[in-house]
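Down below is the structure, laid out as structure tokens.
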Amino acid sequence: MTNTTKVPNVKRDNRSLLQKYAAAPHIAWSVLFVLVPLVFVAYYAFTDAEGGFTFANVAKFFTATNLTIFFRSLKLAVIATAICLLVGYPIAYAISRCKPKTQRAMILLLMVPMWMNFLIRTYAIMVLIQDTGIINTFLGNFGIEPFHMLGTEGAVVLGMVYDYLPYMILPIYSVMTKIDYRLVEAAGDLGCNSWGVMRKVIFPLSLSGVISGVTMVLVPSISTFYISQKLGGEDTLMIGDLIEQNYYSGDYNMAASLSLVLMFILLVGLAIANRFSDGDEGGGMVL
Amino acid sequence: MKKKLIELRNICKSFDGEQILSNVDLYINDHEFVTLLGPSGCGKTTTLRIIGGFESPDVGDVYFGGERINDVPPYKRSVNTVFQKYALFPHLNVYDNIAFGLKLAKVNKDEIRARVSKMLELVNLRGFERRNVNLLSGGQQQRVAIARALINEPQVLLLDEPLGALDLKLRKDMQKELKSIQKRTGITFIYVTHDQEEALSMSDTVVVMADGKIQQIGTPVDIYNEPENAFVADFIGESNILDGTMLGDYSVKFAGHIFECLDKGFELNEAVDVVIRPEDVDIVPLDRCMLTGKVTSITFKGDYYEIITDVCGFKWMIETSDAVEDDAVVGLSIDPDAIHVMKKSEYSNMFGDYSTFSEEIEHLSDVTTEDVEE
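Going down the list, the protein sequences come from chains A and B.
Residues 1 to 287 (the working numbering) are what the first sequence spells out, left to right.
Residues 1001 to 1374 (the working numbering) are what the second sequence spells out, left to right.
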């Protein structure tokens, strides 16, 4: 539209109908299902049950119990994200170095579990690790006492890693395939051994993918309630569970305020993370 | 006696069953400017990559200063490369790109700073330290790439069609600049190009390659004046290549006429290829001519005319400053020292007749072969 303001009378608007209205469904969708609900969330967050304005809900986020739950969520999500990164980065690198045909096959294998329902995948983990589950039954055959996995923080982290690992691998992989292999050769030419090439060329150039991947794992991990409910125990209550509880007990205002504060914290975190990838073109899909 | 720095012995290399290099033997002297010249797909880049350590030969050995270096990885060779599309690190600025090698070598910071600024001066980019390499022009990126390689003071600098992406004027300037850098630093340059003019004007030694084989090694003057076979004669400059017969020493018959020449040592009545450069054919009055031809096309080239002349069915290219008329019959004369006789080779009868010549087509095919190489 800046063009039309510069040359007002020459080319007023010669875009086709499709061009003009192609974005319309998206805009309508965004307004209806993103913007309006957000306004509602904000409204509920700053009002009490009678509809009067209040900061009480937001303030309640910062009570000791809620903060404990928030920091637990943060801790578990950060651990899961770190594991995803440590596991996913080498996988993404290895895939990107394969022949194109192998690459497609590997990516397909990576995607197949994602086509399975998320709930079923989480249930599957439950079946694997419960006290009478497959792993413990198997170990029992060798006379090993069943050890308790389900209901621990470790189980929750495992669930997060399992469910979200592909979201770490895919963006990193897609950035890595775009790295010009000649840069690797150039680094070798200038005296880099393979570790140096990784540290000085491949990692910096894949940083935008890493940040995307971290976002795509961290955000759903921190706010999950299903994984912690199925795989966690009473002492692994997470912020997502808290929001859900408040919602079902009818305290919409509290649920909204928890959501809003969480969103705010995440946005600030992501904005800081994005600073790191500034100057990189492409790859980053955050914000 | 010059010192042999690099030696390739009997190198063979194939990719996916396709033979790219066969039995390449080559040595390169210290402080020399050597150009590997040939059409795309001739194996020149592969040869360079074998010297750089990016490819290893299937058969044969690479020696550097007398030592076999087949299994030495690139980062341990005292060779640096200027890549075809520069391969500058997009996440680093000009300074950090150039300082890359020195930082790895743990050179102290003050020295790095001093050497980078010296390098930038050498390549005429003073004050560019903080610039983003992605925003530089092609010529500037090119010079950063040269500086990045040269700063490590390698014994050998490999350059893979470094001027290919530049426009003509800039390319000419950079040719001069590269040549003078080479002279000043004394570093051995191994330069890959498909541009024969570039090769002739810059090199001490030209290595002409085709079909994975070395066709000729020599000084630019030798290569131009004494081509080894029809391929070299055709690839370097323009040439009329005719079938001839040696009637004895200093006498050759072609185009139905017996010419005096400077070549000897052939067998009696040996079939040979005869090369005549277009600028060596004189147009003379009909009563003093050796051959007559009918002009079939005239192209004005500024300082000369390029004329295609039909001599008994064979089309000759002649460059002359004399104006002639289309369809006119002209007399031609050739001096003995303008005639170059070559032994028959696998390339005989493939080149040298201008009957199907069209600059446009030649130009188009050039573009497509370059694209293939990308």
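C-beta atoms are modelled at their ideal positions from N, C-alpha and C, and glycine is treated no differently.
Since the structure is predicted, the reported quantities are computational estimates derived from the model, not experimental observations.
{"Check": "Secondary structure of F62 (chain A), DSSP reduced to three states", "Outcome": "coil"}
{"Check": "Inter-residue CB distance, D1058 (chain B) and R1009 (chain B) (contact presumed, cutoff 8 angstroms)", "Outcome": "Not confirmed; about 13 angstroms, so no contact."}
{"Check": "Counterpart residues of I83 (chain A) in DSSP-defined beta bridges", "Outcome": "Answer is none; I83 (chain A) lacks a bridge partner."}
{"Check": "CB contact check: M1 (chain A) to chain B, cutoff 7 angstroms", "Outcome": "For M1 (chain A), the predicted structure reports a pLDDT of 39, less than 50, and the residue's modelled location is therefore unreliable. A value from the coordinates is still provided. It does not: the Cβ of M1 (chain A) has no partner Cβ on chain B nearer than 7 angstroms."}
{"Check": "Every unbroken alpha helix (DSSP H) within the stretch 132–194 of chain A, with a cutoff of 4 residues, ordered by chain", "Outcome": "134–140, 153–176 and 181–189"}
{"Check": "Residue from A:D131, A:A155, A:R275 and A:A64 with nearest C-alpha to E145 (chain A)", "Outcome": "A:D131"}
{"Check": "Endpoints, the alpha helix (DSSP H) within which D241 (chain A) is located", "Outcome": "I239 to Y248"}
{"Check": "DSSP-derived helix/strand/coil call for F1351 (chain B)", "Outcome": "coil"}
{"Check": "Euclidean distance between Cα positions of K1213 (chain B) and L190 (chain A)", "Outcome": "30 angstroms"}
{"Check": "Outcome for A1145 (chain B) when other beta-carbon atoms lying within 10 angstroms are tallied against a minimum of 16", "Outcome": "buried"}
{"Check": "Cβ pair F1089 (chain B), R182 (chain A) closer than 7 angstroms", "Outcome": "no"}
{"Check": "Neighbour flag for N274 (chain A) against chain B, beta carbons, 7 angstroms", "Outcome": "no"}
{"Check": "Assigned secondary structure, V1206 (chain B) (DSSP; H/G/I helix, E/B strand, else coil)", "Outcome": "strand"}
{"Check": "Presumed contact (8 angstroms Cβ cut-off) between T122 (chain A) and Y226 (chain A), rounded CB distance", "Outcome": "6 angstroms"}
{"Check": "Separation of S212 (chain A) from M285 (chain A), as counted between CA atoms", "Outcome": "For M285 (chain A), the pLDDT reaches just 40, beneath the cut-off of 50, and the residue's location in the model is therefore unreliable, although a value from the coordinates is still provided. Roughly 6 angstroms separates the two Cα atoms."}
{"Check": "Of the listed residues B:P1154, B:K1085, B:C1012 and B:G1065, nearest to I1050 (chain B) (C-alpha basis)", "Outcome": "B:C1012"}
{"Check": "G188 (chain A) at chain B interface by Cβ criterion, 7 angstroms", "Outcome": "yes"}
{"Check": "Three-state class that DSSP yields for N117 (chain A) in the structure shown", "Outcome": "coil"}
{"Check": "Integer-rounded CB distance, given that I1236 (chain B) should sit under 8 angstroms from Q1182 (chain B)", "Outcome": "The Cβ separation is near 21 angstroms, so there is no contact."}
{"Check": "Proximal residues of chain B, C-beta to C-beta of V201 (chain A) below 7 angstroms", "Outcome": "F1089"}
{"Check": "Cutoff 7 angstroms; reference A92 (chain A); Cβ partners in own chain excluding five residues on either side", "Outcome": "I169, I172, Y173 and M176"}
{"Check": "Contact with chain A by P1162 (chain B), beta-carbon distance below 7 angstroms", "Outcome": "no"}
{"Check": "Where S310 (chain A) falls, given that 16 or more other Cβ within 10 Å makes a residue buried", "Outcome": "There is no way to answer for residue 310 (chain A), as the model of chain A reaches only from 1 to 287."}
{"Check": "Environment of S73 (chain A) [buried if 16+ CB atoms lie within 10 Å]", "Outcome": "buried"}
{"Check": "N- and C-terminal bounds of the alpha helix (DSSP H) containing M1290 (chain B)", "Outcome": "No alpha helix (DSSP H) holds M1290 (chain B); DSSP gives it neither H nor E."}
{"Check": "Spatial distance of I1361 (chain B) from G1138 (chain B) (CA atoms)", "Outcome": "At I1361 (chain B) the pLDDT is 43, less than 50, meaning the model places this residue with poor confidence; the figure from the coordinates comes in the next sentence. Computed Cα separation, rounded: 28 angstroms."}
{"Check": "Same chain only: Cβ atoms within 7 angstroms of K1118 (chain B), ignoring 5 sequence neighbours per side", "Outcome": "none"}
{"Check": "Proximity to A1328 (chain B) [Cα-Cα], best of B:D1337, B:G1244, B:K1106 and B:S1297", "Outcome": "B:S1297"}
{"Check": "Under 7 angstroms (Cβ pairs) to chain A, residues found in the stretch 1099–1124 of chain B", "Outcome": "F1100, G1101, L1104 and A1105"}
{"Check": "Chain B contact for P171 (chain A) (CB, 7 angstroms cutoff)", "Outcome": "no"}
{"Check": "R275 (chain A) to I1028 (chain B) span [Cα, whole Å]", "Outcome": "50 angstroms"}
{"Check": "Coarse secondary structure for T2 (chain A), derived from DSSP in three states", "Outcome": "For T2 (chain A), the pLDDT reaches just 42, beneath the cut-off of 50, and the residue's location in the model is therefore unreliable, although a value from the coordinates is still provided. Correct three-state label for T2 (chain A): helix."}
{"Check": "Alpha carbon of Y1304 (chain B) to alpha carbon of A1271 (chain B), nearest angstrom", "Outcome": "33 angstroms"}
{"Check": "Contacting residues, own chain, Cβ-Cβ under 6 angstroms from K1076 (chain B) (five flanking each side not counted)", "Outcome": "none"}
{"Check": "Chain B contact residues for R182 (chain A), given Cβ-Cβ distances below 9 angstroms", "Outcome": "F1083, Q1084, K1085, Y1086 and A1087"}
{"Check": "Where F1300 (chain B) falls, given that 16 or more other Cβ within 10 Å makes a residue buried", "Outcome": "exposed"}
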